[in-house]
Amino acid sequence: MTEKKLEKVAGNGLISRRHLLGMGATGVGLAASNSVLGQNSGINFEIPGWSRTPGPGPSNYGSRSRYTAAVQRSTAFQNPTYPGGGASRSPLQHLQGTITPNALHFERHHAGIPDIDPAGHKLVINGLVRQALAFSYEDLLKYPMVSSVYFLECAGNSGALLRGGNEDGTAQSIHGLVSCAEWTGIPLSTLLDEAGVLPEARWVAAVGADAASMGRSIPIEKALDDVMVALFQNGEPVMPGQGYPMRLFVPGWEGNISVKWLTQIKLTRAAAQFRDETSKYSDTLPDRSSYQFTFPMGTKSLITSPSGQMSLRNAGIYQITGIAWSGSGSISRVEVSADGGQTWADASIQGLQLDKALTRFTIPWEWNGGPAVLQSRATDSRGNVQPTRDVILAERGNISFYHNHCIQSWAVSNSGEVTNVYV
Amino acid sequence: MYKKIVFPLLAICIALNSLVVNSQERVRLGTPISEADLEGFDLIAEPDGSGFPSGGGTARQGKAVYDINCAVCHGANGEGTSGNTIIVGGDMQSEGPPLRTVGSYWPYASTVFDFIRRAMPATAPKSLTNAQVYQVTAYILFMNGIIGEDTELNANTLVNIEMPNADGFVDRSHIHSIE
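Heads up: the protein sequence lines correspond to chains A and B, in order. Its first residue numbered 6, the first sequence is counted upward by one per residue in the numbering used here. Its first residue numbered 555, the second sequence is counted upward by one per residue in the numbering used here.
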């Protein structure tokens, strides 16, 4: 394929997504131009050592290649006054597809990870019900289960962008508090049905069995809709850092409400007004009033490659890729700009476009070796379009940093260095 | 979810009647319990006063509880030792970004009791008695100028405390998805 045939669809080198067909990871045309007839390629074709010696046999629980060991979550400095508290972020720029491996799913704990023996754990349903009930883990395993792929995003994800700075930020350091998994469990409505919800119950209060006994309130309509008590994450028992033996999963809503290590569901008349739905996860506006109970996460996307702290070696064709999601539906469109938002081209969706799940997008781009600003903009199935940072700042200022879903801008310099910028 | 599967089956597959009947039998494995069983387990203390234990305490009593169990992280006067441990002071109408604390920001006094009982002190949560939680809650409210040093804090008095920023919140809980 030659340069002439590449259909440019937006400014600064964006190429029609149609050219993705038949294109390898290295990019359009490069393979063909590299082949030189009759000359030695310089590649070593000697049979390697690992093809001459049997390796270790099967194992009981797999581990990844030691050559990929650098793909890690990032954990913040542990504050001694906050035992077990803090977060780890998913290495978004090193991942592909849409499912986050369990060991790389982001974490946010308020008092560390409890070491729960499932035999000693119970789930209680009480309050405004006909009959209060207790369930053991063994009980719950016997219920019919449902599975869905859902993203989970901390309300504080990407909040750093509202404050500015973070010139050296990466996809992981700025946006790594989002992950996606297949969650399997029991619809909460099944268990609530068994207890018999009284008509005056308007909310459920969910509490975890960690040392913080973290609690959150959820309106009854949502609790009876798509909320589940999740027991499995990508097919295996939920990881301890994700709430083993069970967590609440509240699709599309701010991560903190999907209470981990779930041990109590109490039906109440009003919200319990826990610390983490008053003092935290609320957003103070410029007029000093504060939004409380901002539940659905906004329509959002970001380019994961090229992204902050990467460097492009040569001018040429690159595969732009990233993730998009919405707490209110599925992703219907992702556009990409290479000129800081002046012109846009439609990216192609790679794989599934599921409700409230990460969606992978991709588009080829020819970098001409000059400056560029790469952005992506998602639209969801309800027509919500991801806003710019300026729009978010104008609407709500930057006193609070939760619930930010603005467009991310990555600048590419003449020398190919990629950095976080504000345009 | 159950209904979605069962009803289409019922409508079309009369021949599979026995299967349908089986799948309609609900799994019901919850063990009936009483609220009395949950005393000491259910720690939810709500703004309307439900869930609060008996007893009470004053700020004067709470100073000792605070000095021994809290000051190391929250400072001698609640001024904090790090960003997330400041629990006294602040003003929502300040010129610069407001310092948001228990005193300046929190809408309900019930949350102070509820949170301390379940989560504090951070190194040994749930190690205080209910009386100590009342006392230290009173002391934090006193340091914030919200109650007097000898005000008795209990299930009845606590729900009547008007927090300075009680009217500062816009409830968005009706928004379950964005149109």
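Where is the CB? At the ideal position from N, CA and C, for every residue including glycine. Please read all numbers here as calculations on a predicted model, not as lab measurements.
Exercise. Within the present structure, is the beta-carbon of A:Gly332 separated from the nearest heavy atom of ligand 1 by less than 7 Å?
Worked result: Ligand 1 is not part of the structure shown, which contains no ligands of any sort.
Exercise. Apart from the five residues just before and just after B:Pro562, which ones in its own chain have a Cβ nearer than 7 Å to its Cβ?
Worked result: In this predicted model, B:Pro562 has a pLDDT of only 43, less than 50, meaning its place in the structure is not dependable enough to derive any value.
Problem set entry | Boundaries of the beta strand (DSSP E) in which B:Ser664 is found, first to last residue | It is not in any beta strand (DSSP E) - B:Ser664 instead sits in the alpha helix (DSSP H) that spans Ser664 to Ala673.
Exercise. Is it buried or exposed for A:Leu203, if we count other Cβ within 10 angstroms and need 16 for buried?
Worked result: exposed
Exercise. Is there a Cβ from chain B that is less than 8 Å from the Cβ of A:Glu199?
Worked result: yes
Exercise. From A:Pro106, A:Glu371 and A:Pro53, pick the residue whose C-alpha is nearest to that of A:Leu317; which is it?
Worked result: A:Glu371
Exercise. Taking Cβ positions, are B:Leu707 and B:Gly605 nearer each other than 8 Å?
Worked result: no
Problem set entry | chain A contacts from the region 600-627 of chain B (Cβ-Cβ distance under 9 Å) | Within the region 600-627 of chain B, the residues whose Cβ lies closer than 9 Å to some Cβ of chain A are Glu600, Pro601, Asp602, Ser604, Gly605, Val626 and Cys627, listed in chain order.
Exercise. Under a CB-based cut-off of 8 Å, is A:Lys271 close to chain B?
Worked result: yes
For this session: Measure the beta-carbon distance from A:Thr326 to A:Arg293 and round it to whole angstroms, keeping in mind my assumption that it falls under 8 Å.
Result: Their Cβ separation, rounded to whole angstroms, is 41 Å, which puts A:Thr326 and A:Arg293 out of contact at 8 Å.
Exercise. Hey, A:Thr105 and A:Cys159: beta-carbon distance below 8 Å or not?
Worked result: no
Exercise. My guess is that A:Ala214 and A:Ile121 are in contact by the Cβ rule of under 8 Å, so how many angstroms apart are they, rounded?
Worked result: 6 Å
Problem set entry | Other residues of its chain near A:Trp81: CB distance less than 7 Å, five sequence neighbours each side excluded | Reading off the sequence, residue 81 of chain A comes out as Ala, not Trp. Closer than 7 Å at the Cβ level, and outside the excluded window around A:Ala81, lie Gly91 and Ala92.
For this session: Kindly indicate if chain A contains any beta-carbon less than 8 Å away from that of B:Glu733.
Result: For B:Glu733, the answer is yes, since a Cβ of chain A falls inside 8 Å of its Cβ.
Problem set entry | Cut-off 8 Å between Cβ atoms - residues of its own chain near B:Ile701, not counting five sequence neighbours on either side | Ala613, Ala692, Leu695, Leu707 and Ile715
Problem set entry | the region 208-222 of chain A in contact with the region 274-282 of chain A per 3-pair CB rule at 8 Å | Counting Cβ pairs under 8 Å, three or more are found: they touch.
Exercise. Which value, in whole angstroms, describes the spacing of the CA atoms of B:Ser588 and B:Ile598?
Worked result: Approximately 16 Å between the Cα atoms of the pair.
Exercise. Just the Cα atoms here: how many angstroms apart are A:Gly162 and A:Ala200?
Worked result: The sequence shown places Asn at residue 162 of chain A, rather than the Gly named in the question. So the alpha carbons of these two residues sit roughly 36 Å apart.
For this session: Check A:Glu259 in the structure and name its three-state DSSP category.
Result: coil
For this session: Only counting runs of 4 or more residues, tell me where the alpha helix (DSSP H) segments fall wholly within the region 602-649 of chain B, in order along the chain.
Result: 613-623 and 625-628
Problem set entry | CB contact check: B:Ser727 to chain A, cutoff 8 Å | yes
For this session: Entirely within the region 217-298 of chain A and at least 3 residues each: give me those beta strand (DSSP E) ranges in chain order.
Result: 220-224, 233-238, 252-254, 267-273 and 295-297
Exercise. Three-state secondary structure (DSSP) at A:Arg382?
Worked result: Strand, per DSSP.
For this session: Please go through the same chain and pick out, in chain order, the residues whose beta-carbon is closer than 8 Å to the beta-carbon of B:Gly603, but skip the five residues on each side of it.
Result: Ser664, Ala709, Asn710, Leu712 and Val713
Problem set entry | the region 397-408 of chain A / the region 346-360 of chain A touching (three or more Cβ pairs under 8 Å) | no
Problem set entry | For A:His410, the three-state DSSP class (helix, strand or coil) | coil
Exercise. So, are the CB atoms of A:Glu241 and A:Asn107 less than 8 Å apart?
Worked result: yes
Exercise. By DSSP, does A:Ile336 sit in helix, in strand, or in coil?
Worked result: strand
For this session: Return the Cβ separation of A:Arg274 and A:Arg338 in integer angstroms, given the expectation that the two are a contact with Cβ distance under 8 Å.
Result: Actually they do not touch by this definition, with Cβ atoms about 42 Å apart.
Exercise. Any idea if A:Tyr66 is buried or exposed, counting beta-carbon neighbours within 10 angstroms, 16 or more meaning buried?
Worked result: exposed
Exercise. For the region 619-638 of chain B against the region 676-693 of chain B, are there 3 or more C-beta pairs whose distance is under 8 Å?
Worked result: yes
Exercise. Going along the chain, which residues of the region 631-659 of chain B sit with their C-beta nearer than 8 Å to a C-beta in chain A?
Worked result: Thr635, Ser636, Asn638, Thr639, Met646, Gln647, Pro651, Pro652, Arg654, Val656 and Tyr659
For this session: Go to A:Ala200, then tell me how far its alpha helix (DSSP H) extends in each direction, as first and last residue.
Result: Leu193 to Ala200
Exercise. What do you get for A:Ser56, buried or exposed, if any count of 16 or more other CB atoms within 10 angstroms of its CB means buried?
Worked result: Exposed: under 16 other Cβ atoms inside 10 Å.
For this session: Could you pull the start and end residues of the beta strand (DSSP E) that A:Ile354 belongs to?
Result: Ser353 to Gln355
Exercise. Using Cβ-Cβ distances below 8 Å, what residues of the region 660-681 of chain B are close to chain A?
Worked result: Per Cβ criterion, the list reads Trp660, Pro661, Tyr662, Ser664, Thr665, Asp668, Phe669, Arg672, Ala673, Ala676, Thr677, Pro679 and Lys680.
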